[in-house]
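Throughout the sequence shown, residue numbering follows our numbering, covering 10 to 749 in sequence. In this text, a Cβ means the ideal position worked out from N, Cα and C, and glycines have one as well. Below is one structure, written out as C-alpha cells; comments come after it.
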Amino acid sequence: MRKPWSRLVGLVLTLVFSLAPGASAASPQPSPGVRRHLSADPFARISRERLFATLRELTGIGASSLWRTSASSGEAEALDLVAARLGELSFLRAAGLEVERQHFRTYLATEVWSARLELTVGGREVEVPAHALSGNRETLALALRFDSDGAVNDAARNPVVVDGPVIVIRSAAEIAALSAASAHGRIVLLDYAVIDRGIMTTQTAGGIAATLLAREPAALVLVTSFSNVHGESHGSFVGDLSVLVSLDGVPPVPTLYVRLEDLAGAGLRSLEDLRAVEAARLTWDADVFSPGFSSNVVATIPGADRSRAVILGAHADSANTPGAMDNGSGTVTLLEVARVLDAARVQPPVDLVLAWFGSHERGLYGSTNFVTTHQELLDRTLAMLQVDCLTRPLDGIRADLYLEEWPFGRFGDPRLTWPEYLTQAARDRGATTVPLAYYGIASDNASFAPYDVPNANLVFMNPVTMDEVHYDGHLHDPYDTVELALEEADTLEAMARVALTAALRTGREDPVLRVTPRPDRRAVFVATHTEPPHMTPAGLTDLGMAFAWEGFDVDTVPYGRAVSPAELSGASVVVVLPVAAYPGGGTQEVWGAAEVAALQGYAAGGGLLVVTNSANRLKYANQVLEPNVHRGGANAVASPFGVTFGSGTLPGTSARTTGSHTLIQGISTLQMAAGNGVPFTVRAGQVLAQVGSQPALAVVDAGGGGKVLVLADLGILGNGGDQPANLQFWRNLARFARSR
Ligand SMILES: [Zn+2]
C-alpha cells in the first residue's frame with residue numbers, strides 16, 4: 010500500500026525552494042513592439058515546478074470549509090487567484106490581455122462556516138482536521154439535511170455542537186446489531202468503507218446507511234483511509250455525492266468526515282485504533298442557499314488574426330475535495346499556458362480564450378452560461394479544448410491521455426477531426442494522446458457541441474478498464490491531492506504541452522475541423538426569460554447538432570437580454586424557450602410587450618416560430634427537477650396565436666403522432682420528459698402529436714406564410730441519453746426550417 014504523503018516530503022521542499030523570491034524577477038519588461046525578436050520557444054518554458062506550485066496554492070483554498078465546491082466562497086477565491094495570476098502577466102497585459110469575470114446563479118449552493126472535531130484519546134483532547142459534507146446537488150429538501158439549521162438562505166452563524174461518548178462501527182453487521190438505545194447520545198465513528206458506493210452498489214450502500222440513521226445516533230463521523238488497490242475503499246464521493254446525500258425518510262444527523270491519515274496527531278494510525286477514542290466533540294455550521302452564486306474567469310489574449318479564436322477551458326471548482334487533479338490540473342494547465350506565452354513574449358496566431366468555469370460539478374453551470382453569452386466568439390472559434398483532468402489510476406491500471414469528443418456519428422460522420430489533428434500536432438511536442446468518441450456529457454466541452462464548435466476533453470484514463478473514472482482515478486475523493494498528482498507529474502506536463510499546442514498551432518495551420526456544411530441559415534433560440542442554462546441549446550446537444558448538420562448557425566439570445574426584431578432578422582427558425590428561473594431568486598420573469606411584438610412580428614412576417622413550455626426545471630437527458638412556477642408565462646407569447654397553456658401536466662413519457670405532416674414523417678411516437686408536458690389548447694391549427702386526447706405538438710398558421718409550432722414539453726427537444734429517441738424529429742425540424 011502506498012503512503013504518498015510521507016515519501017514526498019523531499020519533493021515538496023524542492024518546490025518551495027524553487028519558488029524563492031527572484032525567480033520571476035528574471036523576466037524582462039514587456040515590449041510588444043519587439044516581441045518577434047525576443048520570442049523563444051514557449052514549450053521550453055513549461056515548468057513542472059510552476060505547475061505544482063500553483064496547484065499547491067489552489068488546493069490550500071477552502072481547506073477548513075468546502076474546498077472549491079461549486080458556488081462556494083472557496084470557488085470564488087480560486088477564481089480570484091486565477092485572475093490575480095493573470096494580472097501579473099505584464100507582456101500579455103501590454104499586448105491587450107482582457108480578463109472578464111462572468112457572474113451567474115446556480116440552483117443550489119452550500120457554505121460551511123465551521124467543521125471541527127475534537128477527539129479524546131487517553132484522557133487527552135486533540136483537535137483533528139475534519140470536513141463537512143456538501144448536500145444534495147439538485148433537490149432542495151434533501152440539501153437542507155446538510156444545513157445545520159435546516160433553513161434555506163439563512164446565513165446566520167449558529168453552530169450545532171455535539172459532545173459525547175463514541176461508538177466505532179466497522180461493518181454492516183455491527184449496524185444491523187446496533188440498537189437505538191446503544192446509539193442514543195453517541196457519536197458514531199464509521200469506517201466509510203461500510204457505506205462506500207465506490208465498492209458496492211448505491212442501493213446496498215443506501216440501505217446500510219439508512220439503517221444506521223434510523224437508530225438516531227447523536228452525530229456521525231465518516232473515517233476514510235487511503236488505498237490504491239481496486240476493490241478497496243478510498244473515500245470515493247465522501248464529501249459530496251455519498252449515499253447520505255440522497256437518503257430520505259430517515260432523520261438527518263450532523264455529519265463530518267475525516268481522513269485516517271490526519272488522525273496521527275491523536276495517536277490513531279489504523280482504523281482499529283479508533284476504538285481507543287473515548288469521546289468526541291463535533292462542531293458543525295453549514296448553510297444552504299437557493300439560488301447560489303457562481304462565476305467564470307475568461308481571459309482573452311489577442312491573436313495576430315482577431316477574426317478567429319481557439320478556446321481552452323478548465324473548471325476551477327472541485328467536488329468538496331482538495332481537487333488537485335479534478336480539476337486543479339486543468340486550472341493550472343491554463344495558467345501555465347498564459348505564463349509561458351508571457352515569459353516567451355509570444356502572441357498567439359489567433360485569439361486565445363482561456364476560460365475557467367465555475368460550478369461544473371453541479372452540472373456544467375459555468376460552461377453552459379459561457380456559451381450562451383459568448384455567441385459572437387463561438388461563431389469564429391476554430392476549436393475548443395477542455396482540460397479535465399489528470400487522474401492517479403489505481404494500481405495495475407494503465408492510463409493514457411485521451412481526447413474525447415462528441416462527434417456527428419449519429420448524423421453519419423463519426424470522424425474525430427479535432428482530436429485527430431491535435432494528436433498529430435502534439436506528437437511533435439512529445440505528448441501522446443488518443444482520440445476517442447464519447448456521445449455524452451464528458452465535461453465542459455460538451456456545452457460547445459450544440460453550437461458546432463469542434464471540441465474535445467483531455468483526460469488521463471483508460472476507457473476500457475476504468476469503468477468508473479472517479480473511483481478508478483481518485484477523483485471526488487479526499488486523496489485527490491497534490492501528493493497524488495505528483496506521482497503523475499510527467500502526465501501533467503504532457504497535458505500542458507497538448508494545451509499549448511492547441512493554443513499555438515491550430516490557428517497557424519487552420520485545419521478543416523468542422524464536418525458540417527458552411528452555415529447559410531440561422532436558428533435563433535430565445536432564452537431571454539430562461540435562467541437554467543440546461544434548458545437552452547447548451548443542454549440540448551443533439552438538437553443543436555441537428556441544426557448544424559443541416560447548415561444552420563445556432564445562436565442564442567441569452568437569459569436577461571431582451572429579444573428584439575434585430576436579434577431575429579434573417580432567422581429561418583426561432584425557438585422560444587420556456588419561462589423559467591430559480592424559484593428562490595426573486596426575479597419576475599414576464600415577457601415585455603415589445604418582446605412579444607418582436608416574436609409575433611417574426612411569425613407574421615413568414616417565420617417559423619417554435620413555442621415551448623416545461624412544467625418543471627429540466628436538466629441533461631430530461632431529468633425532471635422542481636416545478637417551474639413560471640410556466641404560465643409562455644401564454645404571453647402563445648395567446649396571440651390562439652394557443653393557451655393550462656394547468657396540470659400531460660401524463661407519461663410519450664406522445665403519439667397523428668396525421669402526415671412533414672415534421673412527423675417516419676415518427677410514430679415522440680419521447681417526452683416524465684410528466685413535464687404542459688397541456689394546451691389550440692383554437693385553430695393542426696395537432697401533430699397527442700397524449701390521450703390532449704395535444705402535445707401542434708402547428709398553427711400565423712398569417713403571411715408564418716407558422717407557429719407549439720410544444721407542450723421542452724423535453725421533446727431534450728437529449729435522450731444513450732438513445733436519442735427523437736433524433737428523427739429534430740432532423741425533420743431542421744430540414745423543415747431549411748426548406749421554407
Ligand atoms: Zn472534472
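Below 8 Å on the Cβ atoms is my contact criterion, and I expect residue i with residue j to pass it. Report the Cβ-Cβ distance as a whole number of Å.
i      : j      : result
Tyr448 : His243 : About 30 Å; that fails the 8 Å criterion.
Thr211 : Val252 : 6 Å
Val521 : Arg424 : At roughly 11 Å, the Cβ-Cβ gap does not stay under 8 Å, so Val521 and Arg424 are not in contact.
Thr442 : Thr432 : 5 Å
Ile450 : Leu361 : No, Ile450 and Leu361 are not in contact; Cβ-Cβ is about 25 Å, not under 8 Å.
Ser338 : Leu399 : 4 Å
Val709 : Ala693 : 7 Å
Leu617 : Arg749 : 6 Å
Pro260 : Leu222 : 6 Å
Val588 : Thr666 : That pair is no contact at about 27 Å.
Tyr430 : Met470 : Actually they are not in contact, since the Cβ atoms of Tyr430 and Met470 sit about 21 Å apart, beyond 8 Å.
In the DSSP assignment, the beta strand (DSSP E) including residue i goes from what residue to what residue?
i      : result
Asn625 : 625-628
Leu199 : 196-200
Ser123 : 118-130
Trp365 : 359-366
Ile310 : 301-310
Ile780 : Summary: the structure shown does not reach residue 780, with the chain confined to residues 10 through 749, and so no result is reported for it.
Asp294 : 286-298
Arg110 : 107-115
Thr666 : 663-666
Tyr411 : 409-414
Ser581 : 580-585
Val619 : 617-621
Tell me where the alpha helix (DSSP H) around residue i begins and ends.
i      : result
Gly610 : 602-613
Gln732 : Taken as a continuous stretch (DSSP letters only), Gln732 belongs to no alpha helix (DSSP H), as it is neither H nor E.
Met554 : 550-558
Ser99  : 99-103
Phe393 : Checking the sequence, you will find Met at residue 393 rather than Phe. No alpha helix (DSSP H) holds Met393; the beta strand (DSSP E) holding it covers 390-396.
Glu635 : No alpha helix (DSSP H) contains Glu635, which is instead part of the beta strand (DSSP E) from 632-636.
Leu149 : 149-152
Asn644 : 644-647
Val681 : First, the amino acid is wrong: residue 681 is Met here, not Val. Where Met681 is concerned, there is no enclosing alpha helix (DSSP H), given that its DSSP letter is neither H nor E.
Ala828 : Summary: the structure shown does not reach residue 828, with the chain confined to residues 10 through 749, and so no result is reported for it.
Thr340 : 337-353
Gly516 : 498-518
Closest to residue i by CA distance: which of the options is it?
i      : options                        : result
Pro733 : Ala682, Gln699, Ala643         : Ala682
Ser663 : Glu502, Ala511, Ile725, Ser748 : Ile725
Ala557 : Arg530, Glu576, His543, Ala580 : Arg530
Leu608 : Val535, Ser82, Asp397          : Val535
Arg371 : Pro138, Ala152, Pro649         : Ala152
Gly569 : Asn378, Tyr629, Gly553         : Asn378
His543 : Ala53, Ala228, Gly375          : Gly375
Asn644 : Gly105, Ile673, Trp600, Leu627 : Trp600
Asp172 : Trp293, Val307, Leu187         : Trp293
Asp351 : Lys716, Arg740, Asn685, Pro51  : Pro51
Asp296 : Ala124, Ala285, Ala458, Asp397 : Ala124
Ala104 : Thr340, Ala313, Val175         : Ala313
Met554 : Ala446, Ala743, Asn637, Thr390 : Ala743
Glu477 : Asn741, Ser304, Leu403, Gly516 : Leu403
Gly712 : Ala612, Thr264, Leu98, Leu672  : Ala612
Glu241 : Ile204, Glu497, Val307, Thr78  : Ile204
Asn215 : Gly194, Arg179, Gly258         : It should be noted that the sequence gives Gly, not Asn, for residue 215. Selected option, being the one with the closest Cα: Gly258.
Leu256 : Thr220, Thr63, Thr667          : Thr220
Gly701 : Asp249, Phe654, Gly686         : Gly686
Gln395 : Val341, Ala465, Glu134, Leu269 : Ala465
Looking at residue i: is its Cβ nearer than 9 Å to the Cβ of residue j?
i      : j      : result
Ala602 : Val620 : no
Ala624 : Thr678 : no
Arg65  : Val346 : no
Leu291 : Val247 : no
Leu736 : Asp551 : yes
Leu117 : Leu149 : yes
Ala512 : Val319 : yes
Leu67  : Leu90  : yes
Gly367 : Ala435 : no
Arg506 : Arg438 : yes
Is residue i close to chain C? Criterion is C-beta to C-beta, closer than 9 Å.
i      : result
Pro311 : Annotation note: the requested chain C is absent from the structure, which comprises a single protein chain.
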